[in-house]
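Peer 1: Residue numbers (the numbering used here), protein chains in the order written: chain D, 125 to 465; chain P, 125 to 465.
Number of protein chains: 2
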Amino acid sequence: MRVTLKDIAEAAGVSIMTVSNVINGKRARVSAETVDRVRRIVAELGYVPNAPARSLAARSSLMIGLLVPAATEDSLAISPHNTAMLGHIERGLRRHGYHLLLRGVAERAEIAEALRSWSLDGALLLGFLDEEIDGLDKAVIGTTPVLAVDSYSTNPLTTGVRSDDFTGARLAAAHLLDLGHRDIVFAGPAFTDVGVVHERFLGFRAAFDDRGLSEMDCPIEIVNTTYDDGVGLARRLRSSHPGATAVFTTADILAIGLIDGLKDAGTAVPEDISVVGFDNIDVSAYITPKLTTIAQDIGGKAAVAVDRLLAKVTGQPSPDTPHVLPVQLVERASTTGPRDR
Amino acid sequence: MRVTLKDIAEAAGVSIMTVSNVINGKRARVSAETVDRVRRIVAELGYVPNAPARSLAARSSLMIGLLVPAATEDSLAISPHNTAMLGHIERGLRRHGYHLLLRGVAERAEIAEALRSWSLDGALLLGFLDEEIDGLDKAVIGTTPVLAVDSYSTNPLTTGVRSDDFTGARLAAAHLLDLGHRDIVFAGPAFTDVGVVHERFLGFRAAFDDRGLSEMDCPIEIVNTTYDDGVGLARRLRSSHPGATAVFTTADILAIGLIDGLKDAGTAVPEDISVVGFDNIDVSAYITPKLTTIAQDIGGKAAVAVDRLLAKVTGQPSPDTPHVLPVQLVERASTTGPRDR
DNA sequence: CCACGCAGATATAGCGCTAAACCGACTCTG
DNA sequence: CAGAGTCGGTTTAGCGCTATATCTGCGTGG
């Protein structure tokens with residue numbers, strides 16, 4: 125029924141190992157004629173190697189796990205930014221001959237389980253909280269190469285790749301300040317004293333410091349990063365921060381919801397309120413007004429993540445400092461000077 | 125180093141099979157005390173089953189392949205609609221204890237290879253061309269349950285799930301006709317005499333027939349379904365179809381590009397040209413004007429696909445007619461009567 | 001009191017593949 | 001011309017797990 129090495133071996137009149145060697149390109153110890161013959165029979169019989177068997181014997185599966193945080197609820201499980209990363213990562217891995225096991229992770233414990241069960245050759249952790257990454261010690265990870273993307277964890281086992289969030293936020297805030305805004309709201313998810321959001325907050329503050337505006341009040345709005353949360357924020361913004369003339373958000377999708385919510389409430393963007401996003405997802409260029417945002421190099425981040433992980437997988441020592449990708453301000457139409465119509 | 129069944133067995137003073145039975149919940153032949161003891165030791169030693177070994181021995185991997193068409197070029201490999209499906213499918217599979225192997229497929233032959241190599245328990249084919257699905261005979265598929273999503277192929281091996289494309293297009297065209305449009309362009313990718321796009325074309329024409337407008341000219345614009353293609357279409361629309369007052373597109377992302385292109389060229393949407401999309405991806409509600417489109421029940425489609433596939437996987441006979449999900453017109457702001465300002 | 005069934009296990013035999021050791025026949029080479 | 005390679009393989013020994021017998025007491029009914 126299923127064609128195995130044995131079948132090929134019998135048909136070709138050689139041993140099973142010879143066939144294996146041919147298939148794996150270890151032609152060193154096989155004559156050219158034998159290679160040809162085996163190749164022909166493989167094609168004839170439509171042989172396809174059995175991956176589990178290969179994994180079991182070789183202790184390598186050519187499979188890379190991609191773990192992404194997933195909500196247990198019914199909301200969109202994968203963020204737009206992670207979705208964009210996903211496509212690039214899949215392509216990158218495929219080009220290198222690896223396969224991708226996609227796994228949404230709802231609870232912390234699942235990370236460990238996912239890592240160890242599938243004898244994965246390696247795993248990429250996309251956008252987890254730093255404390256989750258911190259918790260991954262040798263006992264949990266075992267010997268699986270793991271790399272965290274977008275993490276500020278100092279866990280040496282997961283040293284990975286991220287964007288320059290600090291500079292991004294600083295650029296965004298500088299842009300708003302230079303336009304003349306002074307009452308700027310920082311909108312993003314709850315953060316502790318470390319992590320992506322915290323870093324963006326620091327960058328945001330730094331722009332004020334740069335201009336000697338350290339004493340200035342910077343209202344913070346804690347809000348999740350979905351479209352609906354943006355709409356919700358818009359609803360309460362006028363009452364909670366009546367004087368605000370600009371909002372810096374930590375995610376484009378949040379900014380987009382915010383803009384739509386503001387427009388629905390009759391607040392003009394950018395005339396009444398300027399909005400800056402972060403990520404530069406595709407959609408940001410499609411909306412009206414086109415979103416001013418901080419562009420992350422998504423393709424670059426994915427490529428570095430894949431390269432670094434595969435290097436680790438093939439046993440090369442990996443650097444112990446994260447690769448930080450530059451970001452840049454993409455000035456579009458959602459920002460202008462205050463009362464500047 | 126790695127904890128195996130053998131280690132547990134030794135520690136518990138039982139045979140390896142007893143441990144295996146406990147782990148797989150076949151407690152029928154194991155006493156309650158033994159179950160407890162083994163359970164405790166499993167937890168203590170942090171045992172996690174080795175999936176490849178299990179797959180090899182049990183000829184079942186708990187892995188479902190998700191194959192999506194992928195461009196070889198650098199463009200976004202996964203369409204927005206498939207991306208949306210992806211999230212729902214992953215969640216559905218995870219809830220049932222299955223894992224997801226995501227695989228972009230650039231060439232036809234890869235489908236066969238992907239299907240057979242990973243002793244997948246089943247596979248979902250997302251949005252492939254009908255002729256590609258047709259080519260999947262017993263010899264290619266083997267015994268792997270396979271289900272095609274969004275296909276009109278009559279291949280009984282892949283009978284799956286799709287939306288009611290015909291009705292969707294008919295609704296869209298009817299909507300435009302009812303608004304008074306007569307010169308409507310059909311914009312979508314090249315199609316043959318079968319398949320999603322063809323079906324939408326038939327539905328589009330049917331709306332004309334319904335109104336006794338069979339003789340009416342329906343210009344067709346062959347265009348791929350990306351944002352950029354939409355922009356490109358906008359550029360040539362005025363010259364190629366100067367009289368057109370409305371465009372029906374086969375994908376939202378194409379419609380969005382078209383709208384942006386038209387706006388850039390100074391053509392007002394919907395005042396000068398009405399645009400209807402298809403899919404109702406999230407973005408369609410974010411743009412300005414909000415896109416009138418045909419909503420597919422993405423969550424429903426994903427759920428049915430998962431349910432049907434898993435039924436097949438567990439050996440239940442599967443229906444030989446595709447599950448067709450209803451669609452509905454979502455009337456938003458990108459359509460209005462011609463010259464109706 | 002003896003086959004007989006049955007709970008509670010265990011022993012055996014692979015699944016399909018690979019790593020590593022081994023082997024015979026040649027070819028060098030000093 | 002003996003010892004040391006090389007070539008072109010083959011054999012052996014699993015990887016960690018599961019399916020399928022098989023075994024061992026022990027209570028039972030006839």
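Built from N, CA and C at the ideal position, the CB exists for glycine as well. Since this is a predicted model, take the numbers as computed values, not measurements.
Under 8 Å between C-beta atoms, does Ser275(D) make it to chain P?
Peer 2: no
Peer 1: By the DSSP assignment, the alpha helix (DSSP H) with Val192(D) in it spans what residues?
Peer 2: Careful: Val192(D) lies outside any alpha helix (DSSP H), inside the beta strand (DSSP E) at Met187 to Pro193.
Peer 1: Please list, in chain order, all residues of the same chain as Leu226(P) whose beta carbon is under 7 Å from its beta carbon, the five residues on each side excluded.
Peer 2: Leu190
Peer 1: For a contact meaning CB atoms closer than 7 Å, what does Ser243(D) contact in chain P?
Peer 2: Asn174, Ala175 and Pro176
Peer 1: How would you call Gln420(D), buried or exposed, if buried means at least 16 neighbouring beta carbons within 10 angstroms?
Peer 2: buried
Peer 1: Can you tell which of Ala296(P), Arg126(P), Arg362(P) and Thr391(P) has the C-alpha that lies nearest to the C-alpha of Asp376(P)?
Peer 2: Ala296(P)
Peer 1: Only counting runs of 4 or more residues, tell me where the alpha helix (DSSP H) segments fall wholly within the region 328-403 of chain D, in order along the chain.
Peer 2: Correct list: 351-364 and 376-388.
Peer 1: What would DSSP say about His92(P), mapped onto helix, strand or coil?
Peer 2: Missing from the structure shown is residue 92(P); chain P here goes from 125 to 465 and no further.
Peer 1: State the Cα-Cα distance for the pair Asp384(P) and Leu415(P), rounded to the nearest angstrom.
Peer 2: 12 Å
Peer 1: Quick one: any contact between the region 174-183 of chain D and the region 161-180 of chain P, if contact means 3 or more CB pairs under 8 Å?
Peer 2: Counting Cβ pairs under 8 Å, three or more are found: they touch.
Peer 1: Are Val159(D) and Val146(D) touching if we call contact CB-CB under 8 Å?
Peer 2: yes
Peer 1: Below 6 Å CB to CB, which residues in the same chain sit around Tyr222(P) once its five sequence neighbours on both sides are set aside?
Peer 2: Within the same chain, Leu186 and Ile188 come within 6 Å of Tyr222(P) by CB-CB distance, once the 5 residues on both sides are set aside.
Peer 1: Under 8 Å, with one C-beta from each stretch per pair, do the region 362-373 of chain P and the region 299-317 of chain P reach the 3-pair mark?
Peer 2: Yes: at least three Cβ pairs fall under 8 Å.
Peer 1: Distance cutoff 8 Å, beta carbons only. Does Tyr410(P) sit that close to anything in chain D?
Peer 2: yes
Peer 1: Taking the alpha helix (DSSP H) that Val127(P) belongs to, which residues open and close that run?
Peer 2: Run containing Val127(P): none; DSSP gives neither H nor E here.
Peer 1: Mark Thr142(D) as exposed unless 16 or more other C-beta atoms lie within 10 angstroms of its C-beta, in which case mark it buried.
Peer 2: buried
Peer 1: 8 Å is my cut-off, CB to CB: does His205(P) come that close to chain D?
Peer 2: no
Peer 1: Using 10 angstroms around the beta-carbon of Ala156(D), count the other beta-carbons present and answer buried if the total reaches 16, otherwise exposed.
Peer 2: exposed
Peer 1: For Gly211(P) and Ile165(D), which I take to be in contact (beta-carbon distance under 8 Å), what is that distance rounded to the nearest angstrom?
Peer 2: With 8 Å as the limit, Gly211(P) and Ile165(D) do not qualify as a contact, their Cβ atoms being about 43 Å apart.
Peer 1: Give, in chain order, every unbroken run of the alpha helix (DSSP H) that is at least 4 residues long and sits entirely within the region 283-325 of chain P.
Peer 2: 289-302
Peer 1: For Gly390(P) and chain D, any beta-carbon pair shorter than 8 Å?
Peer 2: Taking Cβ atoms only, chain D never reaches closer than 8 Å to Gly390(P), which makes this a no.
Peer 1: Just checking: is the beta-carbon of Pro462(P) within a distance shorter than 8 Å of some beta-carbon in chain D?
Peer 2: no
Peer 1: Ignore the nearest five residues each way along the sequence and tell me which others in Asp288(P)'s own chain have a CB closer than 8 Å to its CB.
Peer 2: Val448, Leu449, Pro450 and Val451
Peer 1: Would you report the Cα separation of Asn348(P) and Glu134(D), rounded to the nearest angstrom?
Peer 2: One alpha carbon belongs to Asn348(P), the other to Glu134(D), and they sit about 49 Å apart.
Peer 1: Can you tell me whether DSSP reads Thr445(P) as helix, strand or coil?
Peer 2: coil
Peer 1: Could you spell out where the beta strand (DSSP E) holding Thr417(D) opens and where it closes?
Peer 2: Thr417 to Ala419
Peer 1: From Gly149(P) to Ile132(P), what does the alpha carbon distance come to, in whole angstroms?
Peer 2: 16 Å
Peer 1: For Asp333(D) and Val407(D), what's the separation of their Cα atoms in angstroms?
Peer 2: 32 Å
Peer 1: Roughly how many whole angstroms lie between the Cα atoms of Ile118(D) and Lys130(D)?
Peer 2: Here chain D comprises residues numbered 125 to 465, so residue 118(D) is not present and cannot be evaluated.
Peer 1: Taking C-beta to C-beta, are Ile418(D) and Gly292(D) nearer than 8 Å?
Peer 2: yes
Peer 1: For Ala247(D), I'd like the list of residues in its chain whose CB is within less than 7 Å of its CB, leaving aside the five on either flank, ordered along the chain.
Peer 2: Annotation for Ala247(D): Ile188, Gly189, Leu191, Leu239, Thr268 and Val270 place their beta carbon closer than 7 Å to its own, counting only its chain and skipping 5 residues before and after.
Peer 1: Within 8 Å (strictly less), CB to CB, does Asp353(D) reach chain P?
Peer 2: no
Peer 1: Quick check: what's the CA-CA separation for Phe328(D) versus Leu453(D)?
Peer 2: 13 Å
Peer 1: Do Arg219(P) and the ligand SAH come close, with the Cβ less than 7 Å from some heavy atom?
Peer 2: You won't find the ligand SAH in this model; it holds no ligand whatsoever.
Peer 1: Measuring CA to CA, which of Ser243(P), Asp352(P) and Ala331(P) is closest to Cys342(P)?
Peer 2: Among Ser243(P), Asp352(P) and Ala331(P), the Cα nearest to that of Cys342(P) belongs to Ala331(P).
Peer 1: Which one or two residues does DSSP pair with Gln452(P) in a beta bridge?
Peer 2: According to DSSP, Gln452(P) shares a beta bridge with Ala419(P).
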